[in-house]
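In the working numbering, the protein residues as written are 714 to 1202.
These notes are about the structure you will find just below.
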């Protein structure tokens, strides 16, 4: 088999147009066998960096014959064990979620920062999610998927960007995870919110089930906007974190809406989001002290998610500098997106390359030990992160920011305004004080967008939608370089 490249893809692997997405073919013994050059891939627990699907040679496939050849024609190499490339020796700064580093003097600090991010990957053998019967889970008698391999990458990226918000909320941006060091209860509370079980706030089970309400069947691939909408709904049940989640519509961030949401002093529609103060224990057994304290504050910590489309079929180069600046802001939560049907969580950049965590590694589901401790090493990426050219980024993304205080939000607004004045930099979204008159009146307390809004956003932001591709081709023929700009002369 071709040797793995340092950036996480085997040398000689087909390009994106040559790949075909097919189910993974697993063989007994936990190995994934490749009939491409007769190689046997590493066990599923191996920590790989890539998630694309590769084709076998026609001669090899023909030798297999019949249906077996078809089954072996394509497969994931998400389980390959790679030799990871270190950061390049460059004078260019490395930016990781608002922190600036030098490769020459701060390499260990860079890797520690990356390792400290919560890394959520494909998992297998977790309790069945439910839904239509795929196979019955012998442990619980439930039916439905017991692994998200092949379909859950965007859901895992959504978990990662939201986990970063919870880390900032409860541990602080400068918190670091050190292998073997005892962590605080708050850390394990954050981690438990994402464990693969039905009663965790942001588990794959909760996201998949809530996604049904957004028109996504369990096991169907998500786009950035869909996962953002689902996470917003789930956050209303997380009274321990007490977050105000705002999803900016139509490429426009309205400051008045956000202030109204965050200064609402926890006035909200529905008892689930506002439990009684005298309650002793919250969902998942979390302590309530944080929720009680924050109920008296004047600002509800903000998670701002902005779904964007930065081009038609590929990213418009005019947006690249603006995208880089997002990683430079101290409020940055990163970006979810990637390549078509292969999602990544982008946490920074160096030069013209994006730095990201890749969910395309299948690991066994984790359960607490007999002592109640949760093994956490598999939730931290302990090798150098993956990198890819910014130009390869799919234009459908969602950008995230966290503002713990009103001062943080005001500072973020000032940075966005200054960025819009930089010559040659094209803003990715508009920041306005009040809602434009042509917008429909929003209900900031409404937790669920109406079907027309949800459908419209889904068609616009999710790149797998065939209708959008038709529109994209039409705009290309008309000479538009990207939506919202004048045609090219």
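Cβ coordinates follow ideal geometry from the N, Cα and C atoms, glycine included.
The structure presented is a predicted model; accordingly, all values stated were derived computationally and were not measured.
Distance from residue 902 to residue 832 at the Cβ level is roughly 18 Å; contact not present, criterion being Cβ atoms closer than 8 Å. Counting other Cβ atoms within 10 Å of its Cβ, residue 1040 reaches 16 or more and is therefore classed as buried.
Within the DSSP secondary-structure output, residue 1015 pairs in a beta bridge with 957, 1116. Here residue 966 is near residue 1144, since their CB atoms are less than 8 Å apart.
Annotation for residue 1101: the continuous beta strand (DSSP E) segment containing it runs 1099-1102. The beta carbon of residue 1129 sits closer than 6 Å to those of 1144, all from its chain and outside the five residues before and after it, given in chain order.
Secondary structure at residue 922: helix, using DSSP grouped into helix, strand and coil.
If you compare the alpha carbons of 1056, 1081, 1061 with that of residue 868, the shortest gap goes to 1056. Within the same chain, Cβ atoms closer than 6 Å to the Cβ of residue 1021 are found at 1110, 1141, the five residues on either side in sequence being excluded. Sequence-distant partners of residue 877 (beyond 5 residues in either direction) whose C-beta falls short of 6 Å from its own C-beta, in its chain, are 1046. In this structure, residue 809 and residue 1033 do not form a Cβ contact; the two beta carbons are roughly 18 Å apart against a cut-off of 8 Å. Taking 4 residues as the shortest admissible run, the stretch 871-951 contains the following complete alpha helix (DSSP H) segments, listed from N- to C-terminal end: 898-905, 917-925, 937-948. Your pair residue 1094 and residue 828 checks out as a contact, with CB atoms roughly 6 Å apart and the cut at 8 Å.
Using a Cβ distance threshold of 8 Å, residue 1014 and residue 938 do not count as a contacting pair. In the displayed model, residue 1080 falls within coil according to three-state DSSP, outside both helix and strand.
Counting of Cβ neighbours within 10 angstroms places residue 821 among the exposed residues, the total staying below 16. Our two residues, residue 1137 and residue 1023, have alpha carbons roughly 16 Å apart in a direct line. Each residue's CA atom was taken as its position, placing residue 931 and residue 1058 some 21 Å apart. Membership of residue 972 in the alpha helix (DSSP H) is indicated by the continuous run 968-975.
Between the alpha carbons of residue 1100 and residue 1030 lies a distance of about 18 Å. If you draw a straight line from the Cα of residue 886 to the Cα of residue 803, it is about 26 Å long.
For residue 812, the secondary structure class from DSSP, reduced to helix, strand or coil, is strand.
In this model, residue 1012 and residue 856 are separated by some 42 Å (Cα to Cα). Only exposed fits residue 817, as fewer than 16 other CB atoms lie within 10 angstroms of its CB. DSSP places residue 1059 in the uninterrupted beta strand (DSSP E) bounded by 1055-1063.
Per DSSP, the continuous alpha helix (DSSP H) segment holding residue 820 begins and ends at 820-829. For residue 1136, the three-state secondary structure derived from DSSP is coil. For residue 1036, the enclosing alpha helix (DSSP H) stretches over residues 1033-1041.
Excluding sequence positions up to five before and after residue 823, its CB lies within less than 8 Å of the CB of 800, 807, 809, 814, 816, all in the same chain and listed in chain order.
In the displayed model, residue 1028 falls within coil according to three-state DSSP, outside both helix and strand. The closest CA to that of residue 1019, considering only 1027, 1049, 1026, is found on 1049. In terms of Cβ geometry, residue 928 and residue 943 do not form a close pair [threshold 8 Å].
Distance from the CA atom of residue 1078 to the CA atom of residue 899, rounded to whole angstroms, is 21 Å. The alpha-carbon separation between residue 805 and residue 1064 amounts to approximately 6 Å.
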